[in-house]
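Notes to accompany the following structure.
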Amino acid sequence: MLENNPSVKSILDAIVPITRFNRGEASKIFDEVNARGVKVVLKNNVPACVLIRPEQYEEMVEALEDYALFFEAERRLKASDSSQTIPSKNIMEHLGIKKEELQDVEVEIE
(Lines of atoms letter the chains of each structure in order from A and count residues from 1; the text may use other names and numbers.)
(Lines give C-alpha, C1' and ligand atoms only; values in the text may rest on other atoms or scores of the structure.)
Protein backbone atom coordinates (compact mmCIF):
# COMPACT_ATOMS: atom_id res chain seq x y z
CA MET A 1 0.00 0.00 0.00
CA LEU A 2 1.00 3.61 -0.15
CA GLU A 3 2.96 4.97 2.77
CA ASN A 4 1.52 7.55 5.20
CA ASN A 5 3.47 10.34 3.45
CA PRO A 6 3.77 9.13 -0.12
CA SER A 7 6.28 10.77 -2.42
CA VAL A 8 5.36 12.02 -5.88
CA LYS A 9 7.36 9.11 -7.31
CA SER A 10 5.45 6.51 -5.27
CA ILE A 11 2.13 8.04 -6.34
CA LEU A 12 3.19 8.04 -9.99
CA ASP A 13 4.42 4.45 -9.67
CA ALA A 14 0.94 3.44 -8.47
CA ILE A 15 -0.73 4.81 -11.63
CA VAL A 16 -1.15 2.63 -14.69
CA PRO A 17 -2.90 3.79 -17.87
CA ILE A 18 -5.50 1.45 -19.39
CA THR A 19 -3.50 1.49 -22.64
CA ARG A 20 -0.93 -0.81 -20.99
CA PHE A 21 -3.66 -3.44 -20.71
CA ASN A 22 -4.61 -2.82 -24.35
CA ARG A 23 -0.96 -3.48 -25.32
CA GLY A 24 -1.03 -6.89 -23.63
CA GLU A 25 0.90 -5.94 -20.50
CA ALA A 26 -1.64 -7.35 -18.03
CA SER A 27 0.72 -10.03 -16.71
CA LYS A 28 3.46 -7.45 -16.06
CA ILE A 29 0.95 -5.10 -14.36
CA PHE A 30 -0.24 -7.92 -12.10
CA ASP A 31 3.39 -8.66 -11.17
CA GLU A 32 3.77 -4.98 -10.26
CA VAL A 33 0.64 -5.18 -8.09
CA ASN A 34 2.09 -8.21 -6.30
CA ALA A 35 5.38 -6.37 -5.73
CA ARG A 36 3.93 -2.97 -4.83
CA GLY A 37 0.52 -3.82 -3.44
CA VAL A 38 -1.62 -1.36 -5.37
CA LYS A 39 -2.15 0.14 -8.83
CA VAL A 40 -4.70 2.76 -9.88
CA VAL A 41 -5.89 2.20 -13.45
CA LEU A 42 -6.60 5.38 -15.42
CA LYS A 43 -9.01 5.51 -18.34
CA ASN A 44 -9.14 8.86 -20.14
CA ASN A 45 -7.03 10.29 -17.28
CA VAL A 46 -9.72 9.39 -14.72
CA PRO A 47 -9.33 6.62 -12.11
CA ALA A 48 -11.31 3.64 -13.39
CA CYS A 49 -10.38 0.99 -10.82
CA VAL A 50 -7.86 0.04 -8.17
CA LEU A 51 -5.92 -3.20 -8.38
CA ILE A 52 -4.79 -4.77 -5.10
CA ARG A 53 -3.55 -8.17 -3.98
CA PRO A 54 -6.29 -10.66 -3.02
CA GLU A 55 -4.96 -10.79 0.56
CA GLN A 56 -5.35 -7.02 0.91
CA TYR A 57 -8.88 -7.21 -0.48
CA GLU A 58 -9.81 -9.94 2.00
CA GLU A 59 -8.37 -7.86 4.87
CA MET A 60 -10.39 -4.83 3.77
CA VAL A 61 -13.62 -6.85 3.47
CA GLU A 62 -13.00 -8.41 6.90
CA ALA A 63 -12.42 -4.97 8.42
CA LEU A 64 -15.67 -3.67 6.91
CA GLU A 65 -17.55 -6.70 8.23
CA ASP A 66 -16.00 -6.18 11.68
CA TYR A 67 -17.08 -2.52 11.66
CA ALA A 68 -20.61 -3.49 10.63
CA LEU A 69 -20.78 -6.06 13.44
CA PHE A 70 -19.38 -3.55 15.92
CA PHE A 71 -22.00 -0.95 15.01
CA GLU A 72 -24.77 -3.55 15.12
CA ALA A 73 -23.63 -4.68 18.58
CA GLU A 74 -23.47 -1.07 19.73
CA ARG A 75 -26.99 -0.42 18.37
CA ARG A 76 -28.33 -3.51 20.15
CA LEU A 77 -26.67 -2.53 23.43
CA LYS A 78 -28.23 0.93 23.30
CA ALA A 79 -31.63 -0.52 22.45
CA SER A 80 -31.51 -3.26 25.09
CA ASP A 81 -33.38 -3.16 28.37
CA SER A 82 -30.95 -4.19 31.12
CA SER A 83 -33.85 -5.32 33.31
CA GLN A 84 -34.43 -8.10 30.74
CA THR A 85 -30.87 -9.48 30.89
CA ILE A 86 -29.53 -12.36 32.96
CA PRO A 87 -25.98 -12.15 34.36
CA SER A 88 -23.58 -14.73 32.88
CA LYS A 89 -22.77 -15.90 36.42
CA ASN A 90 -26.40 -16.97 36.89
CA ILE A 91 -26.47 -18.77 33.53
CA MET A 92 -23.23 -20.61 34.31
CA GLU A 93 -24.56 -21.67 37.71
CA HIS A 94 -27.82 -22.85 36.14
CA LEU A 95 -25.92 -24.91 33.54
CA GLY A 96 -23.35 -26.18 36.04
CA ILE A 97 -20.39 -24.60 34.28
CA LYS A 98 -17.37 -23.39 36.24
CA LYS A 99 -15.22 -20.50 35.03
CA GLU A 100 -12.07 -22.66 35.21
CA GLU A 101 -13.60 -25.07 32.68
CA LEU A 102 -13.70 -22.30 30.09
CA GLN A 103 -10.04 -21.19 30.45
CA ASP A 104 -8.62 -23.34 27.62
CA VAL A 105 -11.69 -23.29 25.36
CA GLU A 106 -11.09 -21.70 21.95
CA VAL A 107 -14.06 -20.00 20.37
CA GLU A 108 -14.23 -18.84 16.77
CA ILE A 109 -16.94 -16.31 16.08
CA GLU A 110 -17.98 -15.63 12.51
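Throughout the sequence shown, residue numbering follows the numbering used here, covering 17 to 126 in sequence.
We put the beta carbon where it would ideally sit given N, CA and C, even for glycine.
Helix, strand or coil at residue i according to DSSP, with G and I counted as helix
| i | result |
| --- | --- |
| Pro-63 | strand |
| Ile-102 | coil |
| Glu-81 | helix |
| Glu-90 | helix |
| Lys-114 | coil |
| Ile-125 | coil |
| Ser-26 | helix |
Exposure label - residue i; buried when at least 16 CB within 10 Å
| i | result |
| --- | --- |
| Ala-95 | exposed |
| Lys-115 | exposed |
| Lys-105 | exposed |
Proximal residues to residue i (C-beta, below 8 Å), its chain only, five neighbours per side dropped
| i | result |
| --- | --- |
| Val-49 | Lys-55, Leu-67, Ile-68, Arg-69 |
For this session: Note down, one range per segment and in chain order, each beta strand (DSSP E) of at least 3 residues found wholly within the region 30-78.
Result: 31-33, 54-59, 62-68
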